[in-house]
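Residue numbers (UniProt numbering): 1 to 449.
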């Protein structure tokens, strides 16, 4: 009996030892799991802090851009208003001078007779000036409306930017590791943004257009490759801006799906290096330097990063890279900043169209004033000729009637002797008679007795 009890006690002791060993192992796993969760929580907290920091930086850039746009627009409106008033005063002075010159060449009687006709001739000029005034008011109204639309567009972009994080993650899943798809996606998104900004393809911008010289020949780089930027944007003054959208997003997509802090840090650095390499590539291509003569060109190329999150990650990891790229004539932009730039370009096209309309009104008014001045000069010349004709008529009439040896008096003398142009010599009656209804002398030229 005693050996059995001893055996049972040993088995119980063994079971207790095994149970204690298992509990000790489970506790170690629990501690390790808690440590991993705390580490993941720290990574998530760091990501949240970084996103908040990038969002603050993006909002600051947006605020500065809006202030600059407002300042440029106010300055343009002020200058346009000054030019309008100056041109109006100049035209008024010119018209006053022309009217004074015409008035000084006419007599009081002539001015009174032609006042109604001149008023009729001036009616189209008044209509032209009224049309010019309406155009200027419409220009101002359009500018105010456009400013409101621009502010609304900027607010919309800010609202949409709050959803960029989730969109960037989805895009990263779709674009991971496929450079061709990335390039096509960037070009497609760029064209959509251009069209949504009101720019028309073929007129305001050209996609995948080959840069040619003034003779229409393809321009090639030093390596012999054709120069084909993603987009060429045209300004109204023939300025051309080059936009590229082929930056790689492979490292950024890996960064977005990675859960390890070490991996995320490595992919973030790879993303920055990818952006830096593309900046160097655009610097070496230098599309802007190949814009042909006859076109105005800016000194920089625009590098478009189609995903807002990728742009923010670059700013967070390498705050000086944007300025370094700018110093190398490469301007890095995101969707938000590109929309602001495009709205400024669209505004310049609208202002150019309005200025063209105003210029046409000025031209038509000037032509009308020139025609009016020519007509008035001819009208004055006709009056002068009429005055000279009347003067000559009066002088001739005086010579014909008033002198003692005038022709009229001699005819009257012959008629008083009975001579008539219808009678022959044999039928002349020598009888005195005065000129009367049968006289050859017109009634208006007969000498009053």
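Think of the CB as a built atom: it goes at the ideal place given N, C-alpha and C, for glycine as much as any other residue. Note that this is a predicted model, so its numbers are computed, not measured.
Residue i vs residue j beta-carbon contact at 8 Å
| i | j | result |
| --- | --- | --- |
| residue 319 | residue 189 | no |
| residue 231 | residue 207 | yes |
| residue 303 | residue 244 | yes |
| residue 274 | residue 253 | no |
| residue 279 | residue 330 | yes |
| residue 287 | residue 229 | yes |
| residue 251 | residue 343 | no |
| residue 345 | residue 235 | yes |
| residue 233 | residue 339 | no |
| residue 272 | residue 131 | no |
| residue 61 | residue 324 | no |
Rounded C-alpha distance that separates residue i from residue j
| i | j | result |
| --- | --- | --- |
| residue 366 | residue 74 | 29 Å |
| residue 134 | residue 358 | 10 Å |
| residue 259 | residue 309 | 17 Å |
| residue 203 | residue 382 | 53 Å |
| residue 56 | residue 266 | 24 Å |
| residue 386 | residue 395 | 14 Å |
| residue 191 | residue 205 | 9 Å |
| residue 412 | residue 380 | 41 Å |
| residue 53 | residue 321 | 17 Å |
| residue 388 | residue 398 | 15 Å |
| residue 353 | residue 347 | 10 Å |
| residue 86 | residue 363 | 16 Å |
| residue 263 | residue 46 | 14 Å |
| residue 257 | residue 311 | 17 Å |
| residue 374 | residue 332 | 59 Å |
| residue 138 | residue 64 | 29 Å |
| residue 376 | residue 391 | 22 Å |
| residue 369 | residue 393 | 36 Å |
| residue 326 | residue 276 | 12 Å |
| residue 141 | residue 195 | 24 Å |
| residue 371 | residue 410 | 52 Å |
| residue 90 | residue 378 | 25 Å |
| residue 451 | residue 384 | Nothing about residue 451 can be reported from this structure: the residues present for the chain run from 1 to 449 only. |
| residue 200 | residue 67 | 27 Å |
| residue 270 | residue 49 | 21 Å |
Reduced DSSP secondary structure (H/G/I, E/B, other) of residue i
| i | result |
| --- | --- |
| residue 227 | coil |
| residue 372 | helix |
| residue 456 | There is simply no residue 456 to check, as the chain begins at 1 and stops at 449 in what is shown. |
| residue 386 | helix |
| residue 211 | coil |
| residue 312 | helix |
| residue 286 | coil |
| residue 177 | No answer about residue 177 holds up, because its pLDDT of 49 lies below 50 and its placement is not dependable. |
| residue 377 | helix |
| residue 428 | Its pLDDT being 48, under 50, residue 428 is placed unreliably in this model, and the value from its coordinates should be taken loosely. In the structure shown, residue 428 sits in coil (DSSP, three-state: anything other than H, G, I, E or B). |
| residue 200 | coil |
| residue 318 | coil |
| residue 258 | coil |
| residue 339 | helix |
| residue 8 | helix |
| residue 248 | coil |
| residue 89 | helix |
From the options, residue whose alpha carbon lies closest to that of residue i
| i | options | result |
| --- | --- | --- |
| residue 59 | 394, 391, 410 and 334 | 334 |
| residue 145 | 391, 337 and 350 | 350 |
| residue 328 | 368, 316, 374 and 289 | 289 |
| residue 298 | 347, 237, 71 and 380 | 237 |
| residue 39 | 261, 409, 368 and 362 | 261 |
| residue 186 | 201, 246 and 70 | 246 |
| residue 148 | 284, 79 and 70 | 70 |
| residue 268 | 227, 317, 277 and 368 | 317 |
| residue 285 | 78, 211 and 127 | 211 |
| residue 79 | 282, 49, 355 and 270 | 355 |
| residue 282 | 199, 227 and 127 | 227 |
is_contact[residue i, chain C] using C-beta, thresh 8 Å
| i | result |
| --- | --- |
| residue 187 | Of the protein chains in this structure there is only one, and it is not chain C. |
Sheet register partners of residue i (DSSP bridge)
| i | result |
| --- | --- |
| residue 274 | Paired residues: none, contrary to the question. |
| residue 301 | 242 and 330 |
| residue 460 | Nothing in the structure corresponds to residue 460, since the chain is present only between 1 and 449. |
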